[in-house]
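Chemist:
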Amino acid sequence: MEKMTEEQVRTIANMLRKRSLWMIHYCTGCGAMELPPTMTSRYDMERFGMSPYVTPRQCDILLVTGYLNVKTLRRLITVYEQMLDPKYVIGFGSCTLNGGVYWDSYAVIKRLDRYIPVDVYIAGCMPRPEAVMSAFKHLMELIDSGKANGYKLYKKNLAYYKENQRKVLG
Amino acid sequence: MVIEKVLMAVGAPLIAFAIGLSFIMLKRKVVPRIQRRYGPPVIQPIYDVLKLLLKEENISHGIIFSLGPIIAVAGSILAVFFIPMGGWNMLSGSADLIALLYIMAIGSLGMALGAGDSANPNASIGISRALTLMFGYDLPLVIIVISVALYYNTTSLPDIIAAQAHGNWTAWALPLAAIVGFIVVYGALGEHPFDIITAPHEVATGPMVEYGGKHLGLLMINHAFHIYLEIALFVDLFLGGGSNLLEFYVKMFVVFFIMIFFDSVFPRFRIDDAVRFYWKWPAIIALVNLVIVLVR
Chain A
134 MEKMTEEQVR TIANMLRKRS LWMIHYCTGC GAMELPPTMT SRYDMERFGM
184 SPYVTPRQCD ILLVTGYLNV KTLRRLITVY EQMLDPKYVI GFGSCTLNGG
234 VYWDSYAVIK RLDRYIPVDV YIAGCMPRPE AVMSAFKHLM ELIDSGKANG
284 YKLYKKNLAY YKENQRKVLG
Chain B
129 MVIEKVLMAV GAPLIAFAIG LSFIMLKRKV VPRIQRRYGP PVIQPIYDVL
179 KLLLKEENIS HGIIFSLGPI IAVAGSILAV FFIPMGGWNM LSGSADLIAL
229 LYIMAIGSLG MALGAGDSAN PNASIGISRA LTLMFGYDLP LVIIVISVAL
279 YYNTTSLPDI IAAQAHGNWT AWALPLAAIV GFIVVYGALG EHPFDIITAP
329 HEVATGPMVE YGGKHLGLLM INHAFHIYLE IALFVDLFLG GGSNLLEFYV
379 KMFVVFFIMI FFDSVFPRFR IDDAVRFYWK WPAIIALVNL VIVLVR
């Protein structure tokens, strides 16, 4: 009986979480350029209860918009660790998948999920606002079915992530 | 009789919260329409608060940090009992208008106390801005409260409402005081151009910068109470309160609806500009109003 109620609480919590996703306004690369049209009247992501907030403590999603150089990665990890559980990460654009056009750069990291766990990727350079919205919908489905548990992976495999971070950050 | 009192004690904060929440919903729907957007679902604020209360992790920077939001909500609930709510005079018979002005400050001070414990520079700047803005709008507010009290020769809110019965509102008798009261309440709610305290682009939501999870949820609940308190005080002082809850709600609704339209078109003041504004025009109009009341 007790297990049952815990399950129900989790279901209700997931239902609320997917309807109220607050996004931290931390822009790392050129991908941030696609967010103003997504937020404003044309595509209006507030329809789904998503709105930009300003501090890591208040937010649920971290959007990594574009390439990440090593200096920015240090700040990004600080921001990610300051956010409160449950938290989700969206990798935005080709740069977070495989480095994109910066594939041979010495200053840019190639794969984001070696450093922090990523829940949803958006391919493309640049992804259009439609692609961004579809990724948000996909994240909502993952949250609803309880599969968006990157923050649990980060706690479980902390040694792996810290080791990879140490290799690039020194 | 006892049952009625218990019902009031439980019901009044709930009704106040529901009214404040309905105004937040209204604002989140009307502002997008003015900006030609569709806007979130109507019950989005409820989703937000419940999600924050159900967060798995809550960070605290100290005892006062955790107590701050609780002090704020408790102070706001206390103030609800001192404002006549559409025919219900709960504790307002036993305290006067001047005591109420002090009680209403507890909510803001609780938030300032908690935010100060977080030791974040943005929070410190936010608190100093909040207290400076309060310093700015308190001068015209005190002058108009004195002039209303002199006009009715009482400082008891139920007596002031009783004197305004049958449409003899203070807003018709003292229109200048009503205008200043509107500007003061508008600034106290922190709408544009007076959203200096929580300006997200300057001080990252000011006092709330380190708050997250259930603490932020409590602060959002406090915001609903804050909206109710400020507008209820304006309606009781200038628009004759209300003989029943529906009349009271309709008057509050109209006042808040006008405020939303002002809120949508203004940019933001600097803090020194805001204080200069309050100590210039509202203060001068309030003083003229005081002279009119005295020589009447």
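Residue numbers (this note's numbering), protein chains in the order written: chain A, 134 to 303; chain B, 129 to 424.
Cβ atoms here follow ideal geometry from the backbone N, Cα and C, with glycine treated the same way.
Quick caveat, the model's predicted, so the values are computed rather than measured.
Nearest CA to the CA of R89(A): which residue from W155(A), N290(A), I223(A)?
Modeler: The structure shown does not extend to residue 89(A), since chain A is modelled only from 134 to 303, so the question has no answer here.
Chemist: I'd like the span of the alpha helix (DSSP H) that includes L196(A), first residue to last.
Modeler: No alpha helix (DSSP H) holds L196(A); the beta strand (DSSP E) holding it covers 194-198.
Chemist: Would you say S236(B) and M262(B) are within 8 Å of each other, going by their C-beta atoms?
Modeler: Yes, Cβ-Cβ distance for S236(B) and M262(B) is below 8 Å.
Chemist: To the nearest angstrom, how far is the alpha carbon of I199(B) from that of S238(A)?
Modeler: C-alpha separation (whole angstroms): 53 Å.
Chemist: If we call anything under 8 Å between Cβ atoms a contact, is N350(B) one with S204(B)?
Modeler: Yes, Cβ-Cβ distance for N350(B) and S204(B) is below 8 Å.
Chemist: Going along the chain, which residues of the region 341-359 of chain B sit with their C-beta nearer than 8 Å to a C-beta in chain A?
Modeler: Cβ contacts with chain A: G341, L344.
Chemist: With a cut-off of 8 Å, do at least 3 Cβ pairs link the region 238-251 of chain B to the region 324-338 of chain B?
Modeler: Yes: the two stretches touch, three or more of their Cβ pairs being nearer than 8 Å.
Chemist: Since E184(B) meets chain A, which of its residues come closer than 9 Å, beta carbon to beta carbon?
Modeler: Within 9 Å Cβ-Cβ: A146, L217, D218, P219, Y284.
Chemist: Which chain B residues sit within Cβ distance under 7 Å of E177(A)?
Modeler: In the sequence under discussion, the amino acid at residue 177(A) is Asp, which differs from the Glu named in the question. Under the 7 Å cutoff, chain B gives R165, Y166.
Chemist: Out of V419(B), A137(B), R398(B), G318(B), point me to the one whose CA is closest to F210(B)'s CA.
Modeler: Out of V419(B), A137(B), R398(B), G318(B), A137(B) has the C-alpha closest to the C-alpha of F210(B).
Chemist: On the three-pair Cβ rule with 8 Å, is the region 266-273 of chain B touching the region 305-312 of chain B?
Modeler: A contact exists between the region 266-273 of chain B and the region 305-312 of chain B.
Chemist: Compare the beta carbon distance of P170(A) and P262(A) with 8 Å and say whether it is the shorter of the two.
Modeler: Yes.
Chemist: Just confirm the distance between the C-beta atoms of I242(A) and V203(A), as a whole number of angstroms; I'd bet it's less than 8 Å.
Modeler: Yes, they are in contact, since the Cβ atoms of I242(A) and V203(A) sit about 7 Å apart, within 8 Å.
Chemist: Cα-Cα, which of R208(A), C163(A), P219(A) is closest to G360(A)?
Modeler: Here chain A comprises residues numbered 134 to 303, so residue 360(A) is not present and cannot be evaluated.
Chemist: Just verifying my parser: in three-state terms, what is the DSSP assignment at I211(B)?
Modeler: Three-state result, I211(B): coil.
Chemist: Could you confirm whether any beta carbon from chain A is found closer than 8 Å to the beta carbon of K155(B)?
Modeler: Chain A contact via Cβ: absent.
Chemist: Could you tell me whether the region 255-270 of chain A touches the region 283-294 of chain A, where touching means 3 or more Cβ pairs closer than 8 Å?
Modeler: The region 255-270 of chain A vs the region 283-294 of chain A: no contact.
Chemist: Between the region 224-241 of chain A and chain B, which residues of the former have CB atoms less than 9 Å from a CB of the latter, in chain order?
Modeler: Cβ contacts with chain B come from no residue of the region 224-241 of chain A.
Chemist: If you draw a straight line from the C-alpha of N217(B) to the C-alpha of A140(B), how long is it?
Modeler: Their Cα atoms are separated by approximately 10 Å.
Chemist: Which residues in chain A sit within 7 Å of V337(B), going by Cβ to Cβ distance?
Modeler: T188, listed in chain order.
Chemist: I157(A) bridges to which residues according to DSSP?
Modeler: In DSSP, I157(A) forms a bridge with Y186(A), L195(A).
Chemist: How is G315(B) classed by DSSP in three states: helix, strand or coil?
Modeler: Residue state, collapsed to three classes: helix.
Chemist: Is the CB-CB distance between V197(A) and F225(A) below 8 Å?
Modeler: In this structure, F225(A) lies closer than 8 Å to V197(A) by Cβ.
Chemist: Restricting to Cα atoms, I'd like to know which of I194(A), D246(A), G182(A) is closest to N231(A).
Modeler: For the residues I194(A), D246(A), G182(A), the minimum Cα distance to N231(A) belongs to D246(A).
Chemist: Quick one: list the residues of chain B neighbouring Q191(A), beta-carbon separation under 8 Å, in chain order.
Modeler: What Q191(A) touches in chain B: T333, M336, Y339, G340, L344.
Chemist: Ordered along the chain, which non-local residues of its own chain (more than five positions away) have a Cβ less than 7 Å from that of V265(A)?
Modeler: Taken in chain order, the residues that qualify are E167, T171, I255.
Chemist: Determine the burial state of L149(B): buried for a count of at least 16 other Cβ atoms within 10 Å of its Cβ, exposed for fewer.
Modeler: The residue in question, L149(B), is buried, as its Cβ has 16 or more Cβ neighbours within 10 Å.
Chemist: Roughly how many angstroms lie between the CA atoms of V378(B) and D287(B), to the nearest whole one?
Modeler: Cα-Cα distance, rounded: 22 Å.
Chemist: Contact criterion: CB-CB distance below 8 Å. Does S153(A) meet it with respect to chain B?
Modeler: At least one chain B Cβ lies under 8 Å of S153(A).
Chemist: Which whole-angstrom value is the C-beta distance of Y166(B) and P160(B), which I expect to be below 8 Å?
Modeler: Indeed they touch by this definition, with Cβ atoms about 6 Å apart.
Chemist: Work out the CA separation of F394(B) and P321(B) for me, nearest whole Å.
Modeler: One C-alpha to the other measures close to 5 Å.
Chemist: Report the partner residues of F225(A) according to the DSSP bridge assignment.
Modeler: T198(A), I255(A), per the DSSP bridge assignment.
Chemist: On a CA-only basis, which of R207(A), G303(A), T205(A), C192(A) is nearest I157(A)? Give me that one, please.
Modeler: For I157(A), the nearest C-alpha among the options comes from C192(A).
Chemist: Inspect the beta-carbon positions of R396(B) and A327(B) and report whether they are closer than 8 Å.
Modeler: Contact: yes.
Chemist: Ignoring anything shorter than 4 residues, give me the alpha helix (DSSP H) runs that lie fully in the region 340-377 of chain B, in order along the chain.
Modeler: With a minimum length of 4 residues, the continuous alpha helix (DSSP H) runs that stay inside the region 340-377 of chain B are 341-366.
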